[in-house]
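J.: Number 327 in the numbering used here belongs to position 240 of the sequence shown; there are no gaps in the numbering.
Ideal Cβ positions, reconstructed from N, Cα and C, are used throughout, including at glycine.
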Amino acid sequence: MSASISVQRMRLILPGQVGRGCWPSTQQLQLTSIKLHLKITGSDDENYPLTRKVQRDIWMHQHPLNCRDPGVKFLVADWERLPGFGIGAQIAGMCGLLAIAINEKRVLVTNYFNRADHDGCKGSSRSSWSCYFFPETSQECRDRAFELMGSEEAWKKGTIKAKESYNSKQIWAGPTPRIWGDPWSHLQPTTDINGSLVAYHRKMDWRWWRAQGVRYFMRFQTEYTCGLLNVARHTAFGKEAADMVVTTFEGKWPKDATVDRRSDIEEFVWSSHKPWMPRPLLSMHVRMGDKACEMKVVEFEEYMGLAGRIRKRFPQLKSVWLSTEMQEVIDKSRSYRHWDFYYTNVTRQVGNTTMATYETSLGRETSTNYPLVNFLMASEADFFVGALGSTWCFLIDGMRNTGGKVMAGYLSVNKDRFW
Numbered sequence: 088m089s090a091s092i093s094v095q096r097m098r099l100i101l102p103g104q105v106g107r108g109c110w111p112s113t114q115q116l117q118l119t120s121i122k123l124h125l126k127i128t129g130s131d132d133e134n135y136p137l138t139r140k141v142q143r144d145i146w147m148h149q150h151p152l153n154c155r156d157p158g159v160k161f162l163v164a165d166w167e168r169l170p171g172f173g174i175g176a177q178i179a180g181m182c183g184l185l186a187i188a189i190n191e192k193r194v195l196v197t198n199y200f201n202r203a204d205h206d207g208c209k210g211s212s213r214s215s216w217s218c219y220f221f222p223e224t225s226q227e228c229r230d231r232a233f234e235l236m237g238s239e240e241a242w243k244k245g246t247i248k249a250k251e252s253y254n255s256k257q258i259w260a261g262p263t264p265r266i267w268g269d270p271w272s273h274l275q276p277t278t279d280i281n282g283s284l285v286a287y288h289r290k291m292d293w294r295w296w297r298a299q300g301v302r303y304f305m306r307f308q309t310e311y312t313c314g315l316l317n318v319a320r321h322t323a324f325g326k327e328a329a330d331m332v333v334t335t336f337e338g339k340w341p342k343d344a345t346v347d348r349r350s351d352i353e354e355f356v357w358s359s360h361k362p363w364m365p366r367p368l369l370s371m372h373v374r375m376g377d378k379a380c381e382m383k384v385v386e387f388e389e390y391m392g393l394a395g396r397i398r399k400r401f402p403q404l405k406s407v408w409l410s411t412e413m414q415e416v417i418d419k420s421r422s423y424r425h426w427d428f429y430y431t432n433v434t435r436q437v438g439n440t441t442m443a444t445y446e447t448s449l450g451r452e453t454s455t456n457y458p459l460v461n462f463l464m465a466s467e468a469d470f471f472v473g474a475l476g477s478t479w480c481f482l483i484d485g486m487r488n489t490g491g492k493v494m495a496g497y498l499s500v501n502k503d504r505f506w
């Protein structure tokens with residue numbers, strides 16, 4: 088049987104079930120959401136300090152028992168849309184607003200998300216973060232917040248506030264919530280820069296908090312996001328998975344694999360396994376282009392030097408999930424024949440055009456979907472190389488540190504400019 092058989096036909100019997108792994112719809116999640124904030128991968132030692140408790144507490148904070156209780160206050164905020172702000176900056180800014188909401192005992196309600204303002208996001212999810220991820224609060228609280236926005240008395244009493252109620256310093260450099268003490272003082276050093284572990288820097292608190300914030304905002308994917316991820320997995324790993332199925336298959340091939348009844352262990356035990364990808368997998372995000380105004384930019388060869396250091400310790404490593412906006416990086420990767428590179432199929436930058444110009448050339452839907460897919464695929468990796476001077480890498484690192492992968496470490500070609 089040819090290895091080029093449709094992966095869609097084989098999806099129910101592929102190793103680890105490539106193409107599956109989607110969370111239910113938002114409506115289904117609403118019914119069981121009280122349990123979902125507890126799903127943190129790995130032990131407490133494999134995550135940032137207090138991650139389980141913090142994620143639970145944020146969820147409880149964002150879901151009061153009665154959204155119409157006069158004591159419940161709100162902060163309604165559009166996602167940042169200033170020219171030049173990437174998705175990473177938007178998420179970092181919203182983490183700042185979540186910190187303000189917690190400090191002021193307000194429920195954060197996110198509003199207009201410009202990057203979801205496209206035809207792929209249907210119905211009420213258009214222009215909303217909920218097109219891609221589970222909402223940050225309940226529909227009841229959202230309805231109440233928007234109702235209060237029309238009340239002059241609510242504004243005067245401070246029951247409702249908007250993003251415009253705060254200046255940029257409060258949003259981007261305001262105080263980290265202290266209700267959990269100072270867990271950032273107990274971080275295990277796992278970040279390597281210039282061959283040395285970084286044990287301390289000036290922004291330990293914000294590194295810890297942004298990791299908690301991005302984990303909360305991206306804790307569950309919608310059916311739309313799962314569909315995007317499934318396409319990316321099939322494109323990147325599908326033929327390799329099909330080769331394994333064909334090579335190891337014994338017996339008569341079913342005419343339609345999708346009609347086979349699954350056993351109880353397949354349905355209730357193995358179905359919880361994540362979709363298949365080659366393991367171990369290295370996440371490498373290469374940031375170049377116009378980022379030179381904010382951080383030290385290095386060539387692809389330096390990133391590969393760090394990958395080589397990891398492989399020296401883990402010789403079984405050969406697979407790389409490569410995310411980059413630069414076509415030059417993709418071209419160079421082909422000269423490293425002892426590595427297997429996987430990446431999304433998208434038009435990339437040639438030359439030093441600005442990120443804003445590049446995103447405009449892709450169109451809003453593509454320029455939103457493919458970075459989010461890259462981000463989520465990167466966060467599933469086993470090892471990490473990047474540039475922590477990039478907010479995007481900083482957030483990937485946050486997902487690592489709240490996703491059971493603290494001890495995987497992170498090798499960076501530079502440091503954040505605020506450290």
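Are there 16 or more other CB atoms within 10 angstroms of the CB of Ser-499, so buried, or fewer, so exposed?
T.: Per the 10 Å Cβ criterion, buried.
J.: With distances taken between CB atoms, is the gap from Trp-479 to Lys-290 smaller than 8 Å?
T.: Result no, Cβ atoms of Trp-479 and Lys-290 do not sit closer than 8 Å.
J.: What residue from Tyr-253, Asp-343, Glu-310 and Gly-438 has the CA that sits closest to Tyr-219's CA?
T.: Per the Cα distances, Glu-310.
J.: Which residues bound the beta strand (DSSP E) around Ser-410?
T.: Counting along the chain, the beta strand (DSSP E) containing Ser-410 begins and ends at 406-411.
J.: Do Gly-261 and Ala-164 have their CB atoms nearer than 8 Å?
T.: Result no, Cβ atoms of Gly-261 and Ala-164 do not sit closer than 8 Å.
J.: Please report the straight-line C-alpha distance between Thr-197 and Gly-183, rounded to a whole angstrom.
T.: Distance between the alpha carbons of Thr-197 and Gly-183 is about 12 Å.
J.: Assign Gln-114 to one of two classes, buried (16 or more other C-beta atoms within 10 Å of its C-beta) or exposed (fewer than that).
T.: Because Gln-114 sits at a pLDDT of 45, beneath the cut-off of 50, its placement in the model cannot be relied upon, and the following sentence gives the value as read from the coordinates. It counts as exposed.
J.: Identify the continuous beta strand (DSSP E) that holds Ser-255 and give its terminal residues.
T.: Premise fails: Ser-255 lies in the alpha helix (DSSP H), 255-260, not in any beta strand (DSSP E).
J.: For the putative contact between Tyr-423 and Leu-409, defined by C-beta atoms under 8 Å, what is the C-beta separation to the nearest angstrom?
T.: Actually they do not touch by this definition, with Cβ atoms about 10 Å apart.
J.: Under the assumption that Thr-312 contacts Leu-482 (Cβ atoms under 8 Å), give the Cβ distance between them as a whole number of angstroms.
T.: That belief does not hold up - the Cβ atoms of Thr-312 and Leu-482 are roughly 16 Å apart, past 8 Å.
J.: Could you tell me which uninterrupted alpha helix (DSSP H) segments, each at least 4 residues in length, are contained entirely in the segment 176-259, listed from first to last along the chain?
T.: Counting only runs of 4 or more, we get 226-235 and 239-244.
J.: Give the DSSP bridge partners of Ser-499, in chain order.
T.: BP columns for Ser-499 point to Ile-280 and Gly-473.
J.: What does His-425 pair with, by DSSP beta-bridge criteria?
T.: Paired residue(s): none; His-425 is not in a bridge.
J.: For Lys-248, which residues in the same chain have their Cβ closer than 6 Å to its Cβ, ignoring the five residues on either side in sequence?
T.: So the qualifying residues of the chain are Leu-162.
J.: So what's Phe-161 in DSSP terms, helix, strand or just coil?
T.: Correct three-state label for Phe-161: strand.
J.: Just list the alpha helix (DSSP H) runs in the segment 318-402, keeping only unbroken ones of 4 residues or longer that don't cross its boundaries, in chain order.
T.: Runs found: 351-355 and 387-400.
J.: Below 8 Å on the Cβ atoms is my guess for Pro-589 versus Leu-404; work out the distance and round it to an integer in Å.
T.: The structure shown does not extend to residue 589, since the chain spans only 88 to 506, so no value can be given for it.
J.: DSSP beta-bridge partners for Gln-308?
T.: According to DSSP, which records beta bridges pairwise, Gln-308 is partnered with Phe-220.
J.: Along the chain, where does the alpha helix (DSSP H) containing Ser-466 start, and where does it finish?
T.: Run containing Ser-466: 451-466, per the alpha helix (DSSP H) assignment.
J.: Within this structure, are the beta carbons of Thr-489 and Ala-298 separated by less than 8 Å?
T.: Cβ distance < 8 Å, so Thr-489 and Ala-298 count as in contact.
J.: Whose C-beta lies closer than 7 Å to the C-beta of Gln-149 among residues of the same chain, with five residues either side of it excluded?
T.: Contacts found: Val-194, Leu-195, Glu-223 and Thr-224.
J.: Between the Cα of Ser-406 and the Cα atoms of Arg-155, Lys-502, Glu-467 and Thr-128, which residue gives the shortest distance?
T.: Closest option to Ser-406, Cα to Cα, is Glu-467.
J.: Quick check on DSSP: helix, strand or coil for Met-486?
T.: Three-state result, Met-486: helix.
J.: Across which residues does DSSP place Gln-142 in a beta bridge pair?
T.: Per DSSP, none; premise fails for Gln-142.
J.: Can you grab the Cα-Cα spacing for the pair Tyr-287 / Ala-474, in whole Å?
T.: About 18 Å.
J.: Run the CB neighbour count on Met-541, radius 10 Å, all protein chains shown included, and call it buried at 16 or more, exposed below.
T.: Outside the modelled stretch of the chain, which goes from 88 to 506, sits residue 541, for which no answer is possible.
J.: Here's the rule: buried if 16 or more other CB atoms are within 10 angstroms of the residue's CB, otherwise exposed. What is Thr-334?
T.: The residue is exposed, with fewer than 16 neighbouring Cβ atoms inside 10 Å.
J.: Is Gln-436 helix, strand or coil by DSSP?
T.: Three-state DSSP puts Gln-436 in a strand.
J.: Skipping 5 residues on each side, what residues in its chain have a beta carbon closer than 6 Å to that of Leu-137?
T.: Excluding sequence neighbours, Leu-137 sits near Trp-267 and Pro-270.
J.: Specify whether the segment 201-217 and the segment 441-460 touch according to this definition: at least 3 beta carbon pairs, one from each stretch, less than 8 Å apart.
T.: Enough Cβ pairs lie closer than 8 Å, so yes.
J.: Among Arg-155, Asp-484 and Gln-275, whose alpha-carbon lies nearest the alpha-carbon of Asp-230?
T.: Minimum Cα distance to Asp-230 is reached at Arg-155.
J.: Could you work out which residue in Gln-226, Lys-492 and Met-494 is closest to Asn-153 when comparing CA atoms only?
T.: When each option's Cα is compared against that of Asn-153, the closest is Gln-226.
J.: Taking just the CA atoms, how far does Lys-419 sit from Met-391?
T.: Rounded to the nearest angstrom, the two C-alpha atoms are 10 Å apart.
J.: Only counting the same chain, and skipping five residues up and downstream in sequence, which positions put a Cβ closer than 7 Å to that of Met-494?
T.: So the list reads Glu-133 and Thr-277, once near-sequence residues are dropped.
J.: Please report the Cβ distance between Met-375 and Met-413, rounded to the nearest whole angstrom; I am assuming they are in contact, meaning their Cβ atoms lie under 8 Å.
T.: Met-375 to Met-413, Cβ: 5 Å. Contact.
J.: Indicate whether Phe-304 and Met-181 have their beta-carbon atoms separated by less than 8 Å.
T.: For Phe-304 and Met-181, yes; Cβs fall inside 8 Å.
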